[in-house]
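Heads up, the thing below is written out as C-alpha cells.
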Amino acid sequence: MENLVVIDLGSNSVRMTISELDNAGNYQTVTQEKRYVRLSENMGDSQILQPAAIERTLTALEEFRAIYSELDHLKIKAVATAAVRQAGNQKQFLKQVKTQLDLDFTVIPGTTEARYDYLGVVNTLPVINGLLVDTGGASSELILVQNRQMKHVVSIPLGSVTLSQAYLESDRVQADSLFAAMTYVNNILNDVWWLREATNLPVFGLGGANRTLAKINRRNKNFLNFEDVHGYKLSAAEVYATLTRLLSLDLAGRKKIPGLSKDRADIIVGGLIPVTLLMRLLDSKQITFSNAGLREGILFEQINEIKNGTEED
1 MENLVVIDLG
11 SNSVRMTISE
21 LDNAGNYQTV
31 TQEKRYVRLS
41 ENMGDSQILQ
51 PAAIERTLTA
61 LEEFRAIYSE
71 LDHLKIKAVA
81 TAAVRQAGNQ
91 KQFLKQVKTQ
101 LDLDFTVIPG
111 TTEARYDYLG
121 VVNTLPVING
131 LLVDTGGASS
141 ELILVQNRQM
151 KHVVSIPLGS
161 VTLSQAYLES
171 DRVQADSLFA
181 AMTYVNNILN
191 DVWWLREATN
201 LPVFGLGGAN
211 RTLAKINRRN
221 KNFLNFEDVH
231 GYKLSAAEVY
241 ATLTRLLSLD
251 LAGRKKIPGL
261 SKDRADIIVG
271 GLIPVTLLMR
281 LLDSKQITFS
291 NAGLREGILF
301 EQINEIKNGT
311 EED
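Each residue of the sequence shown is one higher than the one before, starting from 1 at the first, in full-length UniProt numbering.
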C-alpha cells in the first residue's frame, strides 16, 4: 500500500491529487487540492519567472507539503509544464523549490503532457475517435485519437494566460484585439498538418479554461453539482453562445457569472479561443468534458506498472 502524490505545476494553477494504491493496482482518491498561482504572469518576451509569481507558487507548494507530510508510504511525482518549460530561469527556480521544500520537479515536454492527458481521458471516458484539447495557461495540447489509440499529438505554445496578456484587454475585450488573437491562433492551427483528420470528430475538452466553459453552462442550467463536469456535453452552438456572452461583459460583469472563478475572469476569453476556433475549423458538433487529465494519466501509468510488475522505486 502506498500514497501516490501527484503534483501538476502549470502556468495558471498548481494542483495535487493524492491516491491510495494497493498492491493489485486498485486506487482510492484521498484528496485533491488546487491553488491559483499564475506562475507565467508577466514572463514577457524574456521568458523569466517573476518573483511575485514564484513566491505564490512556493506558498502553495508549502501548503501541499503540510498535507502530504502527514501520510505514510509516500511516492511523489511532481511535474512542471509550460511555464517552467519555457522559463529562462528554470534551473534557478527548480533549485529554489528543492532547497526550500525538498521537492524534485520533472519538467516534462508538451508531448509527454499530452500522453498523460490521453491516458487520463481514455481510461475514464468512452473515447473511440476524437480530438482531445487541453488548454492550459501557457500551452495547449492536441491529441488525435483513432480507435482509442493516440495517433497524432502536438503541443502549441499558447494558452489562456499568454493569449490574454499578449492580445486581450483584462476588462472589456475590444474587437480589434479579439481579431488579432484569433488570427494568431488560426495561423498556428493551420500549421498542424494532421488536424484535418479530425474533421467532424467530437472534441474532448480538458484543462481549466475548458472545464470552466462546462461549469458556466451547468450553473446556468441549475445543476446541483455544477463542478462535476466529467462526461458533460455541450453543442457547438452553446460553446459559441457562451463566448459571445463573455465578450459582452467587462471584467466586473464576468466576475459575477456563476460557475466562473473570479481568479479566472480576466483570462477566460483567451482560454476559450483555442477550443472555439478548433470546433469551427473542424465543424465539430459537440464537446465532451473531462475532469481527468495529466494527474490521472500519471496515476494510470503507475497502476499499469504495478499490474505489470515494473513499478520503479
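The beta-carbon is built from N, C-alpha and C at its ideal position, and this holds for glycine as well.
Since the structure is predicted, the reported quantities are computational estimates derived from the model, not experimental observations.
Return the CA-CA distance between residue i and residue j, expressed in angstroms with no decimal places.
{"i": "Tyr-184", "j": "Thr-288", "result": "25 Å"}
{"i": "Asn-186", "j": "Lys-307", "result": "43 Å"}
{"i": "Leu-272", "j": "Ser-160", "result": "7 Å"}
{"i": "Thr-111", "j": "Gly-120", "result": "14 Å"}
{"i": "His-230", "j": "Asn-291", "result": "5 Å"}
{"i": "Leu-201", "j": "His-73", "result": "43 Å"}
{"i": "Ile-48", "j": "Ser-164", "result": "17 Å"}
{"i": "Thr-59", "j": "Arg-65", "result": "10 Å"}
{"i": "Ile-303", "j": "Gln-28", "result": "12 Å"}
{"i": "Ala-53", "j": "Gln-96", "result": "13 Å"}
{"i": "Thr-162", "j": "Leu-282", "result": "24 Å"}
{"i": "Ser-248", "j": "Glu-63", "result": "37 Å"}
{"i": "Tyr-167", "j": "Glu-70", "result": "44 Å"}
{"i": "Val-30", "j": "Trp-193", "result": "42 Å"}
{"i": "Arg-35", "j": "Ser-235", "result": "30 Å"}
{"i": "Ala-148", "j": "Val-269", "result": "Residue identity differs from the one stated: residue 148 is Arg in this sequence, not Ala. The straight-line gap from Cα to Cα measures roughly 31 Å."}
{"i": "Val-107", "j": "Gly-10", "result": "11 Å"}
{"i": "Asp-104", "j": "Leu-61", "result": "12 Å"}
{"i": "Ala-252", "j": "Ile-156", "result": "30 Å"}
{"i": "Thr-244", "j": "Asn-210", "result": "15 Å"}
{"i": "Gly-136", "j": "Met-1", "result": "33 Å"}
{"i": "residue 332", "j": "Ile-67", "result": "Residue 332 falls outside the range modelled here, since the chain spans only 1 to 313, and no answer is possible."}
{"i": "Ala-241", "j": "Ala-265", "result": "17 Å"}
{"i": "Glu-169", "j": "Asp-228", "result": "30 Å"}
{"i": "Gln-146", "j": "Gly-130", "result": "7 Å"}
{"i": "Asp-102", "j": "Gly-44", "result": "29 Å"}
{"i": "Ile-18", "j": "Val-203", "result": "28 Å"}
{"i": "Lys-285", "j": "Glu-55", "result": "42 Å"}
{"i": "residue 341", "j": "Arg-172", "result": "With the chain covering 1 to 313 only, the question about residue 341 has no answer from this structure."}
{"i": "Lys-262", "j": "Ser-13", "result": "14 Å"}
In this structure, what does DSSP give as the bridge partners for residue i?
{"i": "Arg-15", "result": "Asp-8, Lys-34"}
{"i": "Tyr-27", "result": "Leu-21"}
{"i": "Ile-287", "result": "Val-203, Leu-234"}
{"i": "Phe-105", "result": "Ala-78"}
{"i": "Asp-134", "result": "Glu-141, Leu-206"}
{"i": "Asn-3", "result": "Glu-20, Leu-74"}
With respect to the alpha helix (DSSP H) encompassing residue i, which residues constitute its N-terminal and C-terminal limits?
{"i": "Ile-143", "result": "Per DSSP, Ile-143 belongs to no alpha helix (DSSP H); it is in the beta strand (DSSP E), 140-146."}
{"i": "Leu-234", "result": "Per DSSP, Leu-234 belongs to no alpha helix (DSSP H); it is in the beta strand (DSSP E), 233-235."}
{"i": "Ala-78", "result": "First-last for Ala-78: 74-80, but that is the beta strand (DSSP E), not the alpha helix (DSSP H)."}
{"i": "Gln-90", "result": "90-101"}
{"i": "Met-279", "result": "268-282"}
{"i": "Leu-39", "result": "Careful: Leu-39 lies outside any alpha helix (DSSP H) and carries neither H nor E."}
{"i": "Phe-226", "result": "That residue, Phe-226, is in no alpha helix (DSSP H); it is neither H nor E in DSSP."}
{"i": "Thr-59", "result": "51-68"}
{"i": "Thr-112", "result": "110-122"}
{"i": "Asn-308", "result": "294-308"}
{"i": "Val-161", "result": "160-167"}
{"i": "Arg-254", "result": "251-255"}
Can you have a look at residue i and say buried or exposed, based on whether 16 or more other CB atoms are within 10 angstroms of its CB?
{"i": "residue 323", "result": "Shown here, the chain extends from 1 to 313; a query on residue 323 therefore has no answer."}
{"i": "Leu-206", "result": "buried"}
{"i": "Gln-100", "result": "exposed"}
{"i": "Asn-23", "result": "exposed"}
{"i": "Leu-224", "result": "exposed"}
{"i": "Ala-237", "result": "exposed"}
{"i": "Thr-212", "result": "buried"}
{"i": "Ala-82", "result": "buried"}
{"i": "Pro-126", "result": "exposed"}
{"i": "Thr-276", "result": "buried"}
The beta strand (DSSP E) that contains residue i, what's its start and end?
{"i": "Asp-191", "result": "Note, Asp-191: premise wrong, no beta strand (DSSP E); not H, not E."}
{"i": "Lys-151", "result": "149-156"}
Okay, do the region 75-88 and the region 37-48 touch, 3+ Cβ pairs below 8 Å being the bar?
The region 75-88, when compared against the region 37-48, does touch it at the 8 Å Cβ threshold.
Quick test of the definition: if touching needs 3 or more C-beta pairs under 8 Å, does the region 141-154 touch the region 112-131?
Result yes; three or more Cβ-Cβ pairs closer than 8 Å.
contact_flag[the region 248-259, the region 213-220] where n(CB pairs < 8 Å) is 3 or more
Enough Cβ pairs lie closer than 8 Å, so yes.
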